[in-house]
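I have placed the structure first, in the form of structure tokens, so that the comments after it can refer back to it.
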Amino acid sequence: MAVAVLTAAGAVPPVALEGVVLLGELGLDGRIRPIRGVFPAVAAGARVGLLRFVVPTGNWAEAALVPGVEVIGRRTLRGVLALLRGEEPPADDAATEPPPFRGRDSAEPGPSGDLSDVVGQEIGRRAVEVAAAGGHHLAMFGPPGSGKTMLAERLPGVLPVLEEEAALEVTAVHSVAGVLPVGGGLVRQPPYQAPHHTATVASLVGGGSGLARPGAVSLAHHGVLFLDESPEFSPTALDALRQPVERGEVVLARAGGVVRYPSRVQLVLAANPCPCASAAGDRACTCSANARRRYIGRLSGPLLDRIDLRVMLLPVASAALYADLDRPEPTEVVAGRVTAAREAARERWGHLGWQSNSEAPGPALRSEWRLPPMTTAAAARAVDSGELSARGYDRVLRIAWTLADLSGRSVPDNGDVNEALELRRGVVAA
Ligand SMILES: [Zn+2]
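The numbering of the sequence shown is our numbering, which starts it at 2 and goes up by one.
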């Protein structure tokens with residue numbers, strides 16, 4: 002804007018601005034301040050053929066991530082004018098390269114720790130591996146201290162690093178939110194978001210004045226959204242998350258139009274099995290059966306119905322009994338199996354447009370990809386006894402395919418279906 006005024010006043014030849022995009026916020030002191038969303042803005046300009054961008058120095062490294070464009074960073078309006086006039090730059094604003102990297106390198110794993118730190122929670126570790134391999138949402142029930150948060154934090158490390166397209170999308174969302182580390186490069190690691198149960202709907206799904214900020218569900222795009230103590234979230238909040246999780250996109254209606262942010266997340270819910278939250282687990286529980294049902298029931302409508310894996314974790318004391326049997330596998334080993342399993346699934350369904358087993362539709366699993374009755378006998382019995390719903394049956398099949406992929410079998414067997422049932426039981430009717 003300031004430059005347009007100065008051009009009109011003859012300070013800059015109009016021809017110098019042809020094909021040039023200027024981004025930034027001009028301060029009263031003549032400094033150009035960094036803005037949010039530079040990366041998607043430059044990417045959008047590049048798509049329509051604009052190739053030269055002048056951005057605030059603080060956004061330079063981020064803008065330069067867009068391939069095939071020329072980006073120059075300037076700190077002051079004087080620097081920008083000198084550049085446009087082809088004059089010698091002012092000494093304090095003459096940089097030819099983005100400032101050096103400061104802050105966390107987003108290509109490195111976050112502070113999430115290794116899966117081998119989680120001792121004695123065999124079913125929990127297995128559930129994390131299966132969730133990662135099949136792209137399944139996961140619910141973990143267990144008393145306080147049973148490792149639910151530790152397990153959730155380790156899921157992003159087990160997921161494959163982001164491919165080019167996904168990395169560009171994630172970087173764009175983080176740019177709009179203003180949370181990209183300076184000079185950190187494209188975001189390659191699947192992100193992790195763990196909003197508190199008191200979080201507002203706007204902070205979960207996005208909102209705010211001006212350019213709507215992405216919420217936690219979009220900041221977790223291509224990564225993990227962890228809701229700890231999930232029954233404590235307000236019904237409104239849980240309900241607001243339902244569509245974004247289901248559709249992979251958030252649509253925010255604004256005065257000036259509609260804003261869309263991507264939100265393809267892997268959802269991880271954690272919950273105490275009951276409101277008394279006794280650390281000793283069910284043995285010391287003082288809740289009535291009704292209170293327990295009501296507590297978990299808060300989840301069932303909006304989100305729990307979409308979750309394939311539901312596991313019950315043991316209290317620490319009994320889990321520790323098994324702790325010394327063998328040293329848990331490290332993240333690296335598990336991640337290797339996950340990558341191989343994801344490739345197997347993509348090879349099988351890729352041409353049908355399903356990226357992972359979690360996306361395989363139930364009718365297809367029951368027709369073209371139908372398993373022999375012998376294989377699915379246990380799941381069929383669970384349906385007959387009313388323990389498993391029809392929808393739950395499809396989810397058991399999806400999990401069974403993931404288990405087969407993890408062990409390198411081309412088709413699930415009996416054992417896979419039985420284990421899938423175990424990974425579906427949790428504390429509520431499947
Ligand atoms: Zn209780």
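Here a beta-carbon is modelled for each residue, glycine too, at the ideal position from N, C-alpha and C.
Would you say the segment 112-125 touches the segment 276-290, given that touching needs at least three Cβ pairs under 8 Å?
-> Counting C-beta pairs with one atom in each stretch, the segment 112-125 and the segment 276-290 have fewer than three that are closer than 8 Å, which means they do not touch.
Which residue or residues does DSSP assign as beta-bridge partners of Leu-84?
-> In the sequence shown, counting from the first residue as 1, residue 84 sits at position 83. In the DSSP assignment, Leu-84 forms no beta bridge with any residue.
DSSP puts Thr-77 in a beta bridge; with which residues?
-> Within the sequence shown, numbered from 1, the residue matching residue 77 stands at position 76. DSSP, once it has assigned bridges, lists Arg-32 as partnering Thr-77.
Same chain only: Cβ atoms within 7 Å of Pro-245, ignoring 5 sequence neighbours per side | Your numbering for residue 245 matches position 244 in the sequence shown. Answer for Pro-245: Val-206, Val-218, Val-251 and Ser-264, listed in chain order.
Comparing alpha-carbon positions, which option in Val-334, Thr-340, Arg-338 and Trp-370 lies nearest Trp-350?
-> Walking along the sequence shown from the start, residue 350 turns up at place 349. Nearest of Val-334, Thr-340, Arg-338 and Trp-370 to Trp-350, Cα basis: Trp-370.
With 16 as the cutoff for other CB atoms within 10 Å, does His-138 come out buried or exposed?
-> Taking the sequence shown and counting its residues from 1, one reaches residue 138 at position 137. Looking at its Cβ environment, which holds 16 or more other Cβ atoms inside 10 Å, His-138 is buried.
Among Gly-148, Ala-254, Ser-279 and Ser-204, which has the Cα closest to the Cα of Leu-242?
-> As a first step, residue 242 is located in the sequence shown; it is residue number 241 there, counting from the start. It is Ser-204.
Counting only the same chain and skipping the five closest in sequence on each side, list residues whose C-beta sits under 6 Å from that of Glu-420.
-> Within the sequence shown, the letter at position 419 stands for residue 420. The residues are Leu-404.
Any heavy atom of ligand 1 nearer than 5 Å to the CB - residues listed | Checking every Cβ against the heavy atoms of ligand 1 under 5 Å gives Cys-275, Cys-277, Cys-286 and Cys-288.
Tell me which same chain residues have a C-beta within less than 8 Å of the C-beta of Gly-81, skipping the five on either side of it?
-> Translated into the one-based positions of the sequence shown, residue 81 becomes position 80. It is worth fixing the name first, because residue 81 is Val in this sequence and not Gly. Cβ neighbours of Val-81 beyond the five flanking positions: Val-4, Leu-23, Ile-33, Val-55 and Arg-75.
Write down the C-beta distance between Tyr-193 and Val-171 rounded to the nearest angstrom, noting that I regard them as a contact closer than 8 Å.
-> As a first step, residue 193 is located in the sequence shown; it is residue number 192 there, counting from the start. As a first step, residue 171 is located in the sequence shown; it is residue number 170 there, counting from the start. About 12 Å; that fails the 8 Å criterion.
Report yes or no: do the segment 126-138 and the segment 388-402 share at least 3 C-beta pairs separated by less than 8 Å?
-> Look at the beta carbons and you see the segment 126-138 touching the segment 388-402: at least three pairs across the two are nearer than 8 Å.
4 or more residues per run - each alpha helix (DSSP H) lying fully within the segment 141-227 | Runs of the alpha helix (DSSP H) inside the segment 141-227: 149-159, 165-178, 202-206 and 217-220.
State yes or no: is the C-beta of Ala-272 within less than 8 Å of the C-beta of Leu-300?
-> On the sequence shown, residue 272 is found 271 positions in, with the first residue counted as 1. On the sequence shown, residue 300 is found 299 positions in, with the first residue counted as 1. Yes, the Cβ-Cβ distance between Ala-272 and Leu-300 is below 8 Å.
Where does Pro-68 fall in DSSP's three states?
-> Along the sequence shown, one-based indexing puts residue 68 at 67. Here Pro-68 sits in coil by DSSP.
Where do the N-terminal and C-terminal ends of the alpha helix (DSSP H) with Arg-425 fall, by residue?
-> Sequence index remark: in the sequence shown, residue 425 carries index 424 (1-based). 415-426 is the span of the alpha helix (DSSP H), which, as asked, contains Arg-425.
In whole angstroms, what separates the C-alpha of Arg-410 from that of Ala-341?
-> Residue numbering aside, residue 410 sits at position 409 when the sequence shown is read from its first letter. Residue numbering aside, residue 341 sits at position 340 when the sequence shown is read from its first letter. Inter-residue distance for Arg-410 and Ala-341 is about 12 Å (C-alpha atoms, whole angstroms).
Pick out whichever of Pro-157, Ile-124 and Ala-195 has its Cα sitting closest to the Cα of Ala-336.
-> As a first step, residue 336 is located in the sequence shown; it is residue number 335 there, counting from the start. Of all alpha-carbon atoms in Pro-157, Ile-124 and Ala-195, the one lying nearest the alpha-carbon of Ala-336 is that of Pro-157.
N-terminal and C-terminal residue of the alpha helix (DSSP H) that Pro-374 is part of = Your numbering for residue 374 matches position 373 in the sequence shown. Segment 374-385, the alpha helix (DSSP H) holding Pro-374.
Sequence ranges, beta strand (DSSP E) only - wholly within the segment 110-139, length at least 3 = Listed in chain order, there is nothing to give.
Measuring CB to CB, does Ile-124 end up less than 8 Å from Val-312?
-> By one-based count along the sequence shown, residue 124 stands at place 123. By one-based count along the sequence shown, residue 312 stands at place 311. Ile-124 is a Cβ neighbour of Val-312, given a cutoff of 8 Å.
In three-state terms, what does DSSP make of Leu-300?
-> In the sequence shown, the residue the question calls residue 300 occupies position 299. The answer is helix: DSSP assigns Leu-300 an H, G or I state.
Range of the contiguous alpha helix (DSSP H) that encloses Leu-398 = Here the question's residue 398 lines up with position 397 in the sequence shown. Counted as a single uninterrupted DSSP element, the alpha helix (DSSP H) harbouring Leu-398 occupies residues 391-407.
On the DSSP bridge assignment, give the partners of Val-39 in chain order.
-> Start at 1 with the first residue of the sequence shown, and residue 39 comes out as number 38. Beta-bridge partners assigned by DSSP to Val-39: none are found.
Separation of Val-162 from Val-266, as counted between CA atoms = Here residue 266 refers to the residue found at position 265 when the sequence shown is read from its first residue. Here residue 162 refers to the residue found at position 161 when the sequence shown is read from its first residue. Rounded to whole angstroms, Val-266 to Val-162 spans 14 Å at the Cα level.
Contacting residues, own chain, Cβ-Cβ under 7 Å from Val-21 (five flanking each side not counted) = Counted from its first residue, the sequence shown places residue 21 at position 20. Short of 7 Å from the beta carbon of Val-21, and not among the five residues preceding or following it, lie these beta carbons of its own chain, in chain order: Arg-53 and Val-55.
Can you tell me whether DSSP reads Gln-244 as helix, strand or coil?
-> Working through the sequence shown from its first residue, we reach residue 244 at position 243. When secondary structure is reduced to three states using DSSP, Gln-244 falls in the helix class.
Closer than 6 Å by C-beta to Leu-407: which residues in its own chain qualify, once you throw out the five before and the five after it? Chain order, please.
-> By one-based count along the sequence shown, residue 407 stands at place 406. Cβ within range, chain order: Ala-134, Arg-338 and Ala-342.
Continuous beta strand (DSSP E) stretch holding Ala-272: start and end = Numbered from 1 along the sequence shown, position 271 holds the residue referred to as residue 272. Start and end: 267-272.
Inter-residue spacing [alpha-carbon to alpha-carbon] between Pro-100 and Asn-60 | For this step, residue 100 is matched to residue 99 along the sequence shown. For this step, residue 60 is matched to residue 59 along the sequence shown. Their Cα atoms are separated by approximately 10 Å.
Helix, strand or coil: which one does DSSP assign to Arg-261?
-> To locate residue 261, count along the sequence shown from 1; it is residue 260. Arg-261 sits in a strand when the DSSP states are folded into three classes.
Check whether the Cβ atoms of Val-384 and Ala-378 sit closer than 8 Å, and answer yes or no.
-> Indexing the sequence shown from 1 puts residue 384 at position 383. Indexing the sequence shown from 1 puts residue 378 at position 377. No, the Cβ-Cβ distance between Val-384 and Ala-378 is not below 8 Å.
Hey, would you say Ala-17 sits closer than 8 Å to Val-43, going by beta carbons?
-> The residue you call residue 17 lines up with position 16 of the sequence shown. The residue you call residue 43 lines up with position 42 of the sequence shown. Inclusion of Ala-17 and Val-43 in the CB contact set at 8 Å is not warranted, their separation being larger than that value.
Residues of its chain near Leu-160, where Cβ-Cβ distance is below 6 Å and the 5 sequence neighbours each way are ignored | Numbered from 1 along the sequence shown, position 159 holds the residue referred to as residue 160. Within its own chain, the residues whose Cβ lies closer than 6 Å to the Cβ of Leu-160, once the five positions on either side in sequence are excluded, are Ala-133 and Pro-191, listed in chain order.
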